[in-house]
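Residue numbers (the numbering used here): 380 to 1295. Note that beta-carbon positions come from the ideal geometry of N, C-alpha and C, so glycine has one too. Small disclaimer: the values here were computed from a predicted structure and weren't measured.
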């Protein structure tokens, strides 16, 4: 379908003051473009002026009928209900008073006027009068370049805010549940004209931003961690060991040191060990060769007489001392060999004896500095022990990791020695509190060839913590460097982290200058000695309080668009702006990356590519929000929250179903019709529904899968006496009183939500049904309502409304099917204008679907369009609604086709700004 050229409206602007220094916005009215893209749907071409035959028919018969039946009460001198129908006498006047004309058409078709005590038109006269006036209204609004209307800059409502936070951070935090309820305009809570911003709401936004920011990013410094150094008496030794004056433990080659630490949280921990070998490689090798010489001497001494043994022993000790003195003198003038530059290996085992790592330490003078080695290990919470044992192996003697064998296979080899250590044995190596260790002044390098000074454990590392939110690693892809109490590389890191977040939050590309403002917040925080994480939290809070996040603002983005807007012409929305409109309509949330990418490539102004995105989005599970948000508000299911199910008569023991169950059934049917692109009348005629265990018990049907009791499952209602949404317990409960049915409320609900013809307000001083004089003590509800309709002021409205409501009397006030013996079942019949009789809810649903198909589709499109563009519809919108209906009628008004038609209509595709 193709739309005619459209002229823009150029009326008022409005200012919204957000009660912070950074939030001052101009409301942006929107209208349609003069030249929509070639793929946009169009209003069917009509003549520039109304057909002369139509004008003649109206002036010669139509308005005369209006004078005959209506003008007596609705004229310039006596305006009953402040209505003057003389304003509809000519085509020009109808054009100027199109809203009055549409209201009059509804009253005539509904039968609300004239009242019962007045002269009444026949059914044919009523139809002819409404059709003539309707034709003139169509010509008046659609032939002369219809205007799609204006839309104020829109604040995110509670559902949109919650969904945006969910999709932005991947966490369903629902902060908007604490916001005040959104006002409703035109049946929906996303109506821009009622989404105001109060002082309290601004405070809520600030608090919500802080809460979200501190949830998605956590400063690891505020979480449990360890930073512990073991030295001196807290560094335990196994085997002979001596403590030097500077705190080093000197141990033998077969000794080890160990520590015990309580790990608070799973993550990667950093180990730093200070130590070194006291003997060079060549010295250690020489020392290891000496036992062979001693063994030879020992054999010789055994052959001597026993009286010489004491002398031999003294000689041996003297020789040992001589060797040590000789090595000390040699060391002073020792020239290190090339092999001495190789480091000595130390094995690290955990409490299970598993080899964690192999460290290598260089040679250090006994009184000199220590070498430092480190490693990282991922640890689980709890108590852990770590054992450090020097070896006589040098690092160049180890083969490559993949070629190693026990005991050198890191992560696999098990030390039986460590594994065999008992708690009792280890406890003996722990010095009692307060006990001091004697400092050794003379320590033999030959005996105690390795020294350990400290073992430090710190962690977990920020990136490895398991108690950090999953969002943290996604939001902080680059971490600034911490140096003591200062942070380095802050601005660059913040910019890299914030730019993709801002792009998603603001639903558009962001400039360098914009990113800089938020990155500066992070840098300012670190300059105040706050952490980089705190700075990121503050930047995210600012992003969530920005007008670019909280409001959907549609301003011209190009010079060409601004020039067009300056002339008062409508401007097509850009691809970026369309991405937001589409996502908030179909998902009640932000555009995803795919949609933003399409917008960046300017694809959404192309009709075929836009339709590809629409279909992709409708296939996404997030499109369930159309059922949860749009369908809920269309059918008024949100009002179920005010129902106390336990207060309903016949349900005193408490509800077997919850109001969430009742609403979910209707959501599921709507989603099913949408996802499968079924005719919209399937909502009325579906001989199936979707139930969980509670609803299955409520309806008395069997669950196909009894093992999955909570999930909604499709069940047949072929023999259940109900069809579509008119048989849903949620709708029936919503339109009932706690103690009885209300045919009036049920009929009114059908008129408003199915037929799109809300009945007028009741005349003043008309009593409620309970106050009406009863026909008899045991009068049925139908008899009482007939007496109520005896009042001419009530009869015209109730004639159709009550008939529709009584069609649902086969089900009680809780939506349960009544037994055939119930007297109310006999009242479940009625007749609509044109002699359309029905009996029971099933026949009513099927009759409405077959005889009011276009009317129900019209109601659907009007509600969809109002929800999609965030404003109430006006008479001129009828042109675009008709175009969508004409385009989809051949295929039976399929729901997905209607949704696509709405998105392709000029009211959705265009915007405007004040000419000033």
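Restricting attention to alpha helix (DSSP H) runs no shorter than 4 residues, the region 835 to 896 encloses them at 849 to 854, 869 to 885, ordered along the chain.
Taking residue 1016 as reference, the option from 1094, 1128, 911, 967 with the minimal CA-CA separation is 1128. Rounded to the nearest angstrom, the gap between the Cα atoms of residue 971 and residue 497 is 59 Å. Between residue 869 and residue 901, the alpha-carbon positions lie close to 7 Å from each other.
By the C-beta density criterion, residue 1233 is exposed, having fewer than 16 other C-beta atoms within 10 angstroms.
Per the C-alpha coordinates, the member of 511, 458, 1215, 562 positioned closest to residue 1012 is 562. If you look at residue 1092, you'll find it isn't in any alpha helix (DSSP H); it sits in the beta strand (DSSP E) that goes 1092 to 1095.
In its chain, beyond the 5 residues on either side, 1121, 1192 have a beta carbon closer than 6 Å to the beta carbon of residue 1115. Comparing C-alpha distances from residue 653 to each of 614, 640, 661 shows the shortest one belongs to 614. As summarised for the region 1165 to 1241, the continuous alpha helix (DSSP H) elements at least 4 residues long and confined to that stretch are 1171 to 1185, 1202 to 1205, 1219 to 1230, given in chain order. CA-CA distance, residue 620 to residue 602, rounds to 38 Å. Residue pairing by DSSP places residue 608 opposite 835 in a beta bridge. Pairing residue 469 with residue 450 gives a Cβ-Cβ distance that is not under 8 Å. By the C-beta density criterion, residue 625 is exposed, having fewer than 16 other C-beta atoms within 10 angstroms.
When rounded, the separation of the alpha-carbon atoms in residue 1259 and residue 1242 is 13 Å. Here the region 604 to 612 does not lie against the region 849 to 858, with fewer than 3 beta-carbon pairs under 8 Å apart. When the five nearest sequence neighbours on each side are left out, the beta carbons in the same chain lying within less than 7 Å of the beta carbon of residue 655 are those of 740, 741, 742, 743, 749, 750, 830, in order along the chain.
At least 8 Å separates the beta-carbon of residue 467 from that of residue 454. 1044 is the residue among 975, 1044, 980 whose C-alpha sits nearest the C-alpha of residue 1007. Each of 1226, 913, 473, 535 was checked against the Cα of residue 924, and the nearest Cα belongs to 535.
Nearest C-alpha to residue 1108 among 1042, 1054, 1086, 1057: 1042.
The three-state secondary structure of residue 817, taken from DSSP, is coil. Taking all protein chains in view, the Cβ of residue 816 is surrounded by fewer than 16 other Cβ atoms within 10 Å, so the residue is classified as exposed. Residue 618 and residue 810 have their C-alpha atoms roughly 14 Å apart. CA-CA distance, residue 1279 to residue 569, rounds to 20 Å. Check the Cα spacing between residue 1271 and each of 1138, 1052, 1215: the tightest is with 1052. Bounds of any beta strand (DSSP E) do not take in residue 742, whose DSSP letter is neither H nor E.
If you look at residue 516, you'll find it in the alpha helix (DSSP H) that goes 502 to 521.
Boundaries of the beta strand (DSSP E) around residue 758: 750 to 758. A distance below 6 Å between beta-carbons, with the five flanking residues on each side excluded, links residue 649 to the following residues of its chain, in chain order: 755, 837, 838. For residue 789, the three-state secondary structure derived from DSSP is coil. The region 977 to 1013 contains, as complete alpha helix (DSSP H) runs of 4+ residues, the segments 986 to 998 (chain order). Residue burial is scored here from C-beta neighbours: residue 559 has fewer than 16 other C-beta atoms within 10 angstroms and is therefore classed as exposed.
Between residue 543 and residue 968, the gap from beta carbon to beta carbon is short of 8 Å. Of all C-beta pairs linking the region 916 to 930 to the region 944 to 957, fewer than three are shorter than 8 Å, placing the two stretches out of contact. Annotation: the continuous alpha helix (DSSP H) that includes residue 582 extends over 578 to 595.
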